[in-house]
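*Asks:* Take the sequence shown: its position 108, counting from 1, is numbered 383 in UniProt numbering, and each next residue is one higher. I have a structure here, written as structure tokens, and I will follow up with some questions on it.
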Amino acid sequence: AKGAGRKSFHLYEATSRYDHVENFMNELALSKAIEKNELQLHYQLIYNPSADEVVGAEALLRWQHGQTFKMEPSEFIPVAEETGLIVPIGYWVIRQACRDWHHLVNEYGSSFKISVNISRIQLNEESFVARVLAILRAEGVQPTAMELEVTESTTLHSLQEVQLNLAKLREAGFTIALDDFGTGYSSLSMLTQLPIDKLKIDRSFISEGNLPLISAILAMANALQLTVVAEGVETREQFHLMSEMQCWGIQGYYLNVPMPYMELPTLAEISFK
Ligand code: C2E
Ligand code: CA
Ligand code: CA
Ligand code: CA
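Okay, structure coming up:
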């Protein structure tokens, strides 16, 4: 038994040392991703069923390192956050989203908004608002054409700086959406105090078909004059259900998997009338 214990200890140690090297290599590679042109934005359309309109698209970051190596955002975004690399990467995302917006607004019309995910690390930067505004100005995009998605944890348990920056961004004309709504711990009273315009219902509630919860969120959002987007809509049933429940926006694989903006379906192709 003693021998086995020692053996597993060595095994563990070897794995952990390997992990350190691997993490280091990943960080190094990620730090060069911008200059090596390895980052890309994929998009998912957001569809408004009552107006039969594409109202926006969410930008989702992709990293292709070398010929074959591809890492999921759920793996490399935490690395980018821990190392602070999310700050320059985040500015790259905003600039690229602005460039793609010009094409998208042409295709889907003037009410089209581009949504960008923002990490709390980015919102902690004192100069964040000024730099974002400078990027938009340089790219010829109005703040009203962009939506910023933040998670509940970002808005609720955050420092003064984050709250201040969010309020400033909203004042400048950006729409603020609370992402993954329902997975955090926001109380109703807090929700009324946050500088937000929109809730994105977490996809776990859609996939569970948690109707009591979904209708409660819709009723509450309605009372607070917040619009709601359902995420992770994968099936025809879910799509029709969310439309019937008067959900403002629908997003998910049923409409399209994330893809480069040139490949997105046209409005005619996603019209389910
Ligand atoms: P998120 O913001 O909640 O984005 C939605 C995620 O759900 C995306 O995963 C998307 O591909 C996936 N998804 C969309 N529709 C469906 C569906 O119908 N079914 C299922 N099963 N999944 C669906 P992705 O692209 O892997 O991104 C994961 C997370 O990484 C995002 O979650 C977001 O938190 C983060 N992320 C992505 N891009 C950025 C970025 O540019 N900046 C920051 N800070 N975070 C980002
Ligand atoms: Ca999001
Ligand atoms: Ca989400
Ligand atoms: Ca998520």
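In this text, a Cβ means the ideal position worked out from N, Cα and C, and glycines have one as well. These figures come from a predicted structure and were not determined experimentally.
Report the three-state DSSP secondary structure of alanine 505 (helix, strand or coil).
*Replies:* Translated into the one-based positions of the sequence shown, residue 505 becomes position 230. DSSP places alanine 505 in strand when its eight states are reduced to three.
*Asks:* Between phenylalanine 403 and the rest of its own chain, which residues show a CB-CB distance below 7 Å, the 5 nearest in sequence each way excluded?
*Replies:* Taking the first residue of the sequence shown as position 1, residue 403 is located at position 128. Contacts found: Gln397, Asn440.
*Asks:* When the Cα atoms are used, what is the spatial distance from alanine 332 to tyrosine 318?
*Replies:* The residue labelled residue 332 in the question sits at position 57 within the sequence shown. The residue labelled residue 318 in the question sits at position 43 within the sequence shown. Their Cα atoms are separated by approximately 6 Å.
*Asks:* When DSSP labels each residue in this structure, what does valine 391 get in the three-state scheme?
*Replies:* Position 116 of the sequence shown, counting from 1, holds the residue named residue 391. Residue state, collapsed to three classes: strand.
*Asks:* May I ask you to list the residues that DSSP assigns as paired with histidine 340?
*Replies:* Here residue 340 refers to the residue found at position 65 of the sequence shown. Answer by DSSP bridge pairing, in chain order: Phe344.
*Asks:* Please go through the same chain and pick out, in chain order, the residues whose beta-carbon is closer than 7 Å to the beta-carbon of proline 324, but skip the five residues on each side of it.
*Replies:* Position 49 of the sequence shown, counted from the first residue, corresponds to residue 324. For proline 324, where only same-chain residues beyond five positions count, the Cβ hits under 7 Å are Ser518, Ile525.
*Asks:* At the level of alpha carbons, what is the spacing between aspartate 477 and alanine 505?
*Replies:* Against the sequence shown, residue 477 aligns to sequence position 202. Against the sequence shown, residue 505 aligns to sequence position 230. If you take the alpha carbons of aspartate 477 and alanine 505, they lie about 7 Å apart.
*Asks:* Report the option in Pro535, Thr358, Met346 whose CA atom is closest to the CA atom of aspartate 375.
*Replies:* Residue numbering aside, residue 375 sits at position 100 when the sequence shown is read from its first letter. Aspartate 375 has its Cα closest to that of Pro535, out of Pro535, Thr358, Met346.
*Asks:* Suppose only complete runs of 3+ residues qualify. What are the beta strand (DSSP E) ranges in the stretch 362-390, listed by chain order?
*Replies:* Listed in chain order, nothing qualifies, since the stretch 362-390 has no complete beta strand (DSSP E) run of 3 or more residues.
*Asks:* Relative to the alpha-carbon of valine 532, which residue among Gln521, Leu516, Thr510 has its alpha-carbon at the smallest distance?
*Replies:* As a working mapping, residue 532 is identified with position 257 in the sequence shown. Checked all of Gln521, Leu516, Thr510; the closest Cα to valine 532 is Thr510.
*Asks:* Contact check, glutamate 422 vs phenylalanine 449 under 8 Å by CB: the rounded distance?
*Replies:* Here residue 422 is taken as the residue at index 147 of the sequence shown, counted from 1. Here residue 449 is taken as the residue at index 174 of the sequence shown, counted from 1. Confirmed, Cβ separation roughly 7 Å.
*Asks:* What residues in its chain sit with their C-beta under 8 Å from that of leucine 463, if we drop five residues either side in the sequence?
*Replies:* Within the sequence shown, numbered from 1, the residue matching residue 463 stands at position 188. Closer than 8 Å at the Cβ level, and outside the excluded window around leucine 463, lie Met495.
*Asks:* Would isoleucine 389 and leucine 379 be called neighbours here (beta carbons separated by less than 8 Å)?
*Replies:* Within the sequence shown, residue 389 is the residue found at index 114, counting from 1. Within the sequence shown, residue 379 is the residue found at index 104, counting from 1. Yes, the Cβ-Cβ distance between isoleucine 389 and leucine 379 is below 8 Å.
*Asks:* Who are the Cβ neighbours of glutamate 400 in its own chain at under 7 Å, not counting the five residues just before and after it?
*Replies:* Locating residue 400 in the sequence shown gives position 125, where the first residue counts as 1. Answer for glutamate 400: Val362, listed in chain order.
*Asks:* Residues bridged to valine 329 by DSSP?
*Replies:* Here the question's residue 329 lines up with position 54 in the sequence shown. Looking at the DSSP assignment, valine 329 forms a beta bridge with Tyr322.
*Asks:* Are the beta-carbon atoms of isoleucine 481 and glycine 507 separated by less than 8 Å?
*Replies:* The count along the sequence shown starts at 1 and reaches residue 481 at position 206. The count along the sequence shown starts at 1 and reaches residue 507 at position 232. Yes. Within cutoff.
*Asks:* Got a sec: does ligand 3 put a non-hydrogen atom nearer than 7 Å to the Cβ of aspartate 472?
*Replies:* As a first step, residue 472 must be located in the sequence shown, where it is residue number 197. Because no heavy atom of ligand 3 lies under 7 Å away, the Cβ of aspartate 472 does not count as near it: no.
*Asks:* Can you look up tyrosine 528 in the DSSP assignment and give me helix, strand or coil?
*Replies:* The residue you call residue 528 lines up with position 253 of the sequence shown. Tyrosine 528: coil per DSSP, three-state reduction.
*Asks:* Between Tyr322, Gly341, Leu336, Gly359, which has its C-alpha nearest glutamate 302's C-alpha?
*Replies:* Locating residue 302 in the sequence shown gives position 27, counting from the first residue. For glutamate 302, the nearest C-alpha among the options comes from Gly359.
*Asks:* What residue range is occupied by the uninterrupted beta strand (DSSP E) comprising valine 425?
*Replies:* As a first step, residue 425 must be located in the sequence shown, where it is residue number 150. 421-426 is the span of the beta strand (DSSP E), which, as asked, contains valine 425.
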